[in-house]
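The structure appears right after this line, and notes come after that.
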Amino acid sequence: MSGNRGSKRQYFGKGGGRRGKDNESVVSCAQVDENNPIIQCFRGYAAELDAKHDRYERIVKCGRDITIESKRIIFLLHTIDPRKNNQQKVCDEAKARLENICCNHFAAIAKELQGQDPYQYARAYTNGMQEFIEAFTFYEYSSGQDISHWDVIQKKLQYNATKEHNDGELFAKNDENEEPRDDNVAAEGSVGDGKEPTNATTMCLLQPLDFTLGLGDLSGEIMRKCINSLGSGNAESCFEHCRFLQELYTGFLSVISPRSRDFSHKMITLRQSLLKSENVCYNVTVRGGEAAKWGTTEDSSAAQLQFHSSKDDDDEGVFF
């Protein structure tokens with residue numbers, strides 16, 4: 409029985425091999441008709457998807473560069489020390505580097521998004537946008553300015569796309585006093601003259617959610633600034649930082665139905681930063697002059713600033 413089974417397997421194997429050769433010959437004879445309209449349609453779909461994926465990867469790379477540079481700007485702003493009197497110098501350098509991000513990295517993203525649906529590529533640079541908002545608002549806070557509105561920052565990310573017939577494209581930043589224009593409306597030339605528009609406006613989309621999440625990240629930098637102020641002996645500024653965090657936390661509590669998982673995480677982080685800042689102010693009030701010395705000891709500060717979540721503190725009430 410075993411011999412017969414083996415011979416049968418060999419027989420079928422030879423037959424299968426002959427059938428495979430016949431199939432290969434049939435496939436080799438069959439060729440794809442490139443003139444077929446269905447084949448041409450799918451070739452166009454493939455080229456469109458490849459272009460979209462390549463554009464998405466280029467935007468992701470720009471977003472990473474924005475994240476890295478924004479973190480460096482935040483580290484630079486933390487070097488402000490009233491004892492060295494270097495606030496103006498550090499703020500000027502941070503401002504120049506922020507403008508460099510707007511003129512280079514965000515301009516490159518705006519160029520990629522020209523003529524495209526910006527919401528399809530929003531996830532590609534959302535992390536970089538949030539980090540930029542954190543760095544920009546932290547610069548405004550460190551320099552004594554008011555936090556800019558979302559619409560003001562959106563106008564800073566609008567650019568003029570000048571189109572010429574054979575000279576390519578030239579992107580120039582919009583003037584802040586200039587009225588924002590529609591992306592599809594040309595500034596010069598008529599619609600029916602058969603010529604390409606000579607001037608158009610493009611922008612890098614800033615979603616309100618990204619702006620809000622960037623403000624949530626700002627709370628961590630304000631908390632570090634509060635602790636650093638205590639360590640440097642500037643105890644009065646600790647109360648100013650704490651009041652700012654309280655107002656920011658109150659504003660976040662007023663948001664109803666955020667419909668974002670990230671927003672809930674930012675609320676937890678914001679609350680932790682607020683509690684740490686309040687602990688610093690508490691020690692300044694209770695210990696007085698000893699608070700600065702307390703702030704320089706790592707063990708005691710870590711023990712005091714450690715946050716323990718409790719189910720009894722989850723209810724924040726209703727904000728009206």
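For reference, each letter of the sequence shown is one residue, going 409 to 728 in the numbering used here. All C-beta atoms in this analysis are idealised placements derived from N, C-alpha and C, irrespective of residue type, glycine included.
| Asked | Found |
| --- | --- |
| Exposed or buried, what is Cys449 when buried is set at 16 or more other beta-carbons lying within 10 Å of its beta-carbon? | exposed |
| Quick one: give me the first and last residue of the alpha helix (DSSP H) that Val694 is part of. | Arg669 to Arg695 |
| Is Thr487 helix, strand or coil when you go by DSSP? | coil |
| Just to check my reading of the structure: Leu484 and Glu507 have Cβ atoms closer than 8 Å, yes? What is that Cβ distance to the nearest angstrom? | Their Cβ separation, rounded to whole angstroms, is 14 Å, which puts Leu484 and Glu507 out of contact at 8 Å. |
| Using only CA atoms, which one of Ser668, Phe514, Cys499 and Ile630 lies nearest to Glu648? | Ile630 |
| Along the chain, where does the alpha helix (DSSP H) containing Tyr657 start, and where does it finish? | Glu644 to Leu661 |
| What separation, rounded to the nearest whole angstrom, lies between the Cα atoms of Gln495 and Ser551? | 7 Å |
| Under 8 Å, do Thr693 and Ser627 count as touching if we go by C-beta distance? | no |
| I believe Phe671 touches Leu621 by the beta-carbon criterion, under 8 Å. Please report the beta-carbon distance rounded to the nearest angstrom. | 7 Å |
| Less than 8 Å between the CB atoms is what I'm expecting for Tyr547 and Ile555, so what's the real figure, rounded? | The pair is not a contact, with the Cβ atoms about 10 Å apart (cut-off 8 Å). |
| Answer yes if the segment 531-543 comes into contact with the segment 466-482, meaning at least three C-beta pairs across the two stretches below 8 Å, and no otherwise. | yes |
| Assuming Ala515 contacts Tyr567 under a Cβ cut-off of 8 Å, what Cβ separation, rounded to an integer in Å, is found between them? | 6 Å |
| Tell me the rounded alpha-carbon separation between Phe544 and Ser645. | 21 Å |
| Can you give me the C-alpha to C-alpha distance between Ala454 and Ile447, rounded to a whole angstrom? | 11 Å |
| Alpha carbon to alpha carbon, what distance is there between Ala530 and Ser681? | 28 Å |
| Assign His557 to one of three DSSP states: helix, strand, or coil. | coil |
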